[in-house]
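Let me begin by presenting the structure, written as C-alpha cells, before commenting on it.
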Amino acid sequence: MGRRETFGEYLRACRLKAGYGLRVFAEAIEMQPSNLSNVEHGRLPPPQDLGTLTRIAEALGFPEGSKERERLFDLAVAAKGQKLPADLAAFAAKTPGIPVILRTLQNRRLSRKEIEDLTQYINRRLKVR
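Every number in the numbering used here is 197 more than the matching position in the sequence shown, counting from 1.
Take a look at the structure:
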C-alpha cells in the first residue's frame, strides 16, 4: 500500500497548478511565506481554523462543495488525527438534525463498508434531476 498524500504536498501541487508563486499565494491567504513553506514541506501542521482553510480554498478557486475543497479540508484534519473537518463541524453545529443523524450512525456502529454503501445510496438518491 502506497504512502498517502499530505496536506502540504496537496497544497503545493494545487498552488503551482494555479500558477501562484509562494510569496504571492502567502499574501493572498494572509500567511507568512515562511510559514506557508513550512506547511507545504511538513515542518508545520496544516491550519485547522475554518477562516484560513476557506481563504486557501478560495484563492485556489475551489468552489464550495467541490471535490478539491473537500480534499483540502479532509487532508488538514487527517494530519491532526480523528476530528471533524472545520467546514463540516460548522455545518453540523448550525443545521438542525445533523447531530441526530451522527448519533444514529454512532449508535449503529456501522462498518466502513456499510458507511460507504450508505454514502453511495445518499448520493444516488439526492442526485440532481
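Where is the CB? At the ideal position from N, CA and C, for every residue including glycine. Every value quoted in this text rests on a predicted model; they were computed, and no experiment measured them.
Check: Quick one, which of LEU241, ALA283, ASN235 has its alpha-carbon nearest ARG252's?
Finding: Walking along the sequence shown from the start, residue 252 turns up at place 55. Out of LEU241, ALA283, ASN235, ALA283 has the C-alpha closest to the C-alpha of ARG252.
Notebook entry, point to check: What is the rounded straight-line gap between the Cα of GLU227 and the Cα of THR203?
Noted result: If you number the sequence shown from 1, residue 227 lands on position 30. If you number the sequence shown from 1, residue 203 lands on position 6. Distance from the CA atom of GLU227 to the CA atom of THR203, rounded to whole angstroms, is 21 Å.
Item checked: Runs of alpha helix (DSSP H) wholly within the region 217-290 (minimum 4 residues, chain order) -> Runs found: 219-225, 230-237, 247-256, 264-275.
Item checked: Beta-carbon proximity of ALA254 to LEU269, cut-off 7 Å -> Here residue 254 refers to the residue found at position 57 of the sequence shown. Here residue 269 refers to the residue found at position 72 of the sequence shown. Yes. Within cutoff.
Item checked: PRO293 in three-state terms, based on DSSP -> Looking up residue 293 in the sequence shown gives position 96. In the structure shown, PRO293 sits in coil (DSSP, three-state: anything other than H, G, I, E or B).
Next item on the list: For LEU281, collect the residues of the same chain with a Cβ closer than 8 Å to its Cβ; drop the 5 residues on either side in sequence, then sort them by chain order.
Entry: Within the sequence shown, numbered from 1, the residue matching residue 281 stands at position 84. VAL274, ALA289, listed in sequence order.
Next item on the list: Report whether the distance from the Cβ of ARG212 to the nearest heavy atom of the ligand FMN is below 6 Å.
Entry: No copy of the ligand FMN occurs in the structure displayed, which carries no ligand at all.
Next item on the list: Note the first and the last residue of the continuous alpha helix (DSSP H) segment covering ARG209.
Entry: Counting from 1 along the sequence shown, the entry for residue 209 is found at position 12. It spans 204-214 - the alpha helix (DSSP H) in which ARG209 sits, taken as one unbroken run.
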